[in-house]
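In UniProt numbering, the protein residues as written are 1 to 150.
Here is the structure:
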């Protein structure tokens, strides 16, 4: 699967034209992870976004009694998108459940692209913000209970 094919399958990029996909594909790095391999660990430096081309990835976080499963991602899903906006630390651990092929967009490469292709970059940033807002809205009750405990 090419970088462009992986990006076309990504729901986050559903509004992109073929030209926009090709622009983003130009800064992607292909990655392959055998089943059982760590893609990244919680608290690691977070400086890239991954788009899953094929395979399944389990997400987990550390709890008081060990790892807590958060869910699974698969073909067309993405993770680490906030790293393009604000690099920091990974919020969870990602492990390949099956063999995974993915494409990686590194924050440093994305920042370079901003200077030459700002429209494509702005479109991606707007998509990230829209998805983040939707996730916050979908988890409003859980967020309220966290605030109430503080």
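In this text, a Cβ means the ideal position worked out from N, Cα and C, and glycines have one as well.
Assuming contact is defined by CB atoms lying nearer than 8 Å, are residue 50 and residue 61 in contact in what I supplied? no
Is it buried or exposed, residue 72, if we count other Cβ atoms within 10 angstroms and call 16 or more buried? exposed
Looking only at its own chain, which residues have a Cβ that is under 6 Å from the Cβ of residue 120, when we skip the five neighbours before and after it? 20 and 23
Assuming the contact rule is C-beta atoms closer than 8 Å, residue 74 and residue 105 should be a hit. Round their C-beta distance to whole Å, please. The Cβ separation is near 19 Å, so there is no contact.
Fully enclosed by the UniProt domain "Cyclic nucleotide-binding" (12-114), which alpha helix (DSSP H) runs are 4 residues long or longer? 18-25
Nearest-angstrom beta carbon gap, residue 46 and residue 80 [assumed within contact, 8 Å]: 6 Å
Residue 13 versus residue 68: straight-line alpha-carbon distance, rounded: 29 Å
Could you compute how far the alpha carbon of residue 88 sits from the alpha carbon of residue 113? 20 Å
Residue 92: buried (16+ other C-beta within 10 angstroms of its C-beta) or exposed? buried
Would you kindly work out how many angstroms separate the C-alpha atoms of residue 124 and residue 64, rounded to a whole number? 36 Å
On a Cα-Cα basis, can you pick out the residue from 17, 28, 101 and 11 that is closest to residue 34? 101
Close-in-space but distant-in-sequence residues of the same chain around residue 4 (CB under 7 Å, 5 per side omitted): 21, 22 and 25
Expressed to the nearest angstrom, what Euclidean distance is found between the alpha-carbon atoms of residue 129 and residue 10? 16 Å
How long is the line joining the alpha carbons of residue 142 and residue 17, rounded to whole angstroms? 36 Å
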